[in-house]
Ligand code: BGC
């Protein structure tokens, strides 16, 4: 009984009321405007130099790499020009020691090596042709640009972008910490390592995963206006949206095309409300922040994304385990356990180790509706080494995990609603029947049961959105969006490189249905497209 009452009290601490939600939306809008006006704000609102979204007719073969959290992905993407694409990719886990390497070179050399392996395995022909030509061309510059893959670099950390393939790292997030890289151009860091291996690859575009997701969603689900927002709810969280250039008041450092009147903005909403004026703040949120590698920043992300939800839950559970007034994962004797045994928490259980509880178990808890919660109880045994957990313990676990995730989903709705409101599309009479398209990706939104439903439930109570507005917001998964989006931006960049960038590059793409494929530079230096 004590456990049930204590669980209820804990769950109540994760309540984020309708009123809280509405206040947070107002504050989000305020912080968005602030970030559009100047640098150094909580919501960074980073201009991306991408000034339009695709419409599905784009074609060509591109490469993309994706460094975003736990894994590094290398892919090649054939854009078919009919809203479809074919993707080939490999994925490797980033060794933990490289996430906190002494020098940036160590990490980027590892990335370049993966690109080399990918090319050898999947594009041997181009790779060998390139090596052969390098050996036959006498001028050191002669081989520079031939058979070169344009590569879109998805780098999912806050970067001050200075141009389409240039950007300096502002700070690391999601457990990475390599101070040597801060302030450096991450495209140059990668290109240097690629060149050391003499690979036929040019880093053509720098892309945040949210921008990639936005582009991919517009390519695969084209509507009258394209997607308005690309969002990630995975290891980390963030969103990129299409903003009117007129609202962007802070000075831009690089060149860009002004004709569309729009620019994609990377909000870096993980750092929304670092000052905690509207974000909830339980003792466990505070404890987590203290032990993180970046205390005081990414405060929204620390309450919303996959990397952190498991740790919040672990801290709560640990307090419960230590609480002498309740019996949690502890039995007086086998009679107080419905399996007629007594629970043991192994010494090496992840529950005792910081970051030792993987958020994935929260999805198992949420989806287990078996009468005895036997699926969750088995998971507790296999992943957390908690043996013979009783039914009431599993119930408490499920309730608390559910409360942590529910709060995360409500906070996710705050960001989505604020951005939809900012675009003004809900009140634009010209778009009255149009869906408002939002592309999402990431483990949380993909695997946590009913995460999107909880977002919708919250959208309905938000002022200015309501039942009707929520119906028009179409939140769809853009799986592997960052890779496809990076390829799309590499295509744009290749177009800009040719110096034929029209006032509206998208209009050109539409009318010419360019099939870029690989770009070849013959010895006389003239650029031609191979197909
Ligand atoms: C990063 C963002 C990224 C997000 C999702 C955050 O930690 O700061 O740049 O988009 O994670 O991957």
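In UniProt numbering, the protein residues as written are 1 to 531.
Ideal Cβ positions, reconstructed from N, Cα and C, are used throughout, including at glycine.
Predicted model, so just to flag it, every value in this text is computed and none were measured.
Ranked by Cα distance from residue 58, the options 85, 435, 151, 184 are led by 85. The three-state secondary structure of residue 268, taken from DSSP, is coil. In the DSSP annotation of this structure, residue 434 is not part of any beta strand (DSSP E), being labelled neither H nor E. Boundaries of the alpha helix (DSSP H) harbouring residue 110: 104-122, taken from the DSSP string.
A straight line joining the alpha-carbon of residue 353 with that of residue 367 spans about 25 Å. Between residue 28 and the set 360, 417, 77, 181, the nearest pair of CA atoms involves 417. Collapsing the DSSP output to three states places residue 66 in a strand. Sequence-distant partners of residue 442 (beyond 5 residues in either direction) whose C-beta falls short of 6 Å from its own C-beta, in its chain, are 232, 233, 234. Between the stretch 146-157 and the stretch 89-103 there are fewer than three C-beta pairs closer than 8 Å, too few to call the two in contact.
Straight-line measurement puts the Cα of residue 315 at about 38 Å from the Cα of residue 215. As the crow flies, the alpha-carbon of residue 32 is around 21 Å from that of residue 167. DSSP, read as helix, strand or coil, puts residue 382 in helix. For residue 96, the secondary structure class from DSSP, reduced to helix, strand or coil, is helix. The beta carbon of residue 388 lies closer than 6 Å to those of 339, 341, 343 in the same chain, with the five residues before and after it left out. With 16 or more other Cβ atoms from the protein chains shown falling within 10 Å of its own Cβ, residue 42 counts as buried. Of the residues 204, 6, 180, 226, the one whose Cα lies closest to the Cα of residue 474 is 226. In this model, residue 276 and residue 283 are separated by some 13 Å (Cα to Cα). It is roughly 12 Å from the alpha-carbon of residue 152 to the alpha-carbon of residue 186.
The Cβ atoms of residue 53 and residue 271 lie no closer than 8 Å to each other. Around the Cβ of residue 286, a 10 Å sphere holds fewer than 16 other Cβ atoms; the residue is exposed. Rounded to the nearest angstrom, the gap between the Cα atoms of residue 111 and residue 190 is 8 Å.
The straight-line gap separating the alpha-carbon atoms of residue 301 and residue 335 is approximately 43 Å. For residue 329, there is no enclosing alpha helix (DSSP H), as DSSP gives it neither H nor E. The alpha helix (DSSP H) runs of length 4 or more contained entirely in the stretch 392-477 are, from start to end of the chain, 443-447, 451-459, 466-472.
Within 10 angstroms of the beta-carbon of residue 239 lie 16 or more other beta-carbons, which makes it buried. Assignment of residue 283 by DSSP, reduced to helix, strand and coil, places it in the helix class. For residue 275, the shortest C-beta to heavy atom distance toward the ligand BGC is 7 Å or greater. Under the three-state reduction of DSSP output, residue 191 falls in the helix class. When 55, 201, 402 are compared, the shortest CA-CA separation from residue 8 is found for 402. Going by beta carbons, residue 458 and residue 409 fall inside the 8 Å limit.
For residue 49, there is no enclosing alpha helix (DSSP H), since its DSSP letter is neither H nor E.
Taking a cut-off of 8 Å for Cβ pairs, the stretch 445-453 and the stretch 256-274 do not touch, as fewer than three such pairs fall below it. Residue range 201-207 is occupied by the beta strand (DSSP E) that includes residue 205.
Relative to the ligand BGC, even the nearest heavy atom lies 7 Å or more away from the CB of residue 247. For residue 156, the Cβ falls inside the 7 Å cut-off from some heavy atom of the ligand BGC.
Judged by DSSP secondary structure, residue 28 falls within the alpha helix (DSSP H) whose first and last residues are 18-37.
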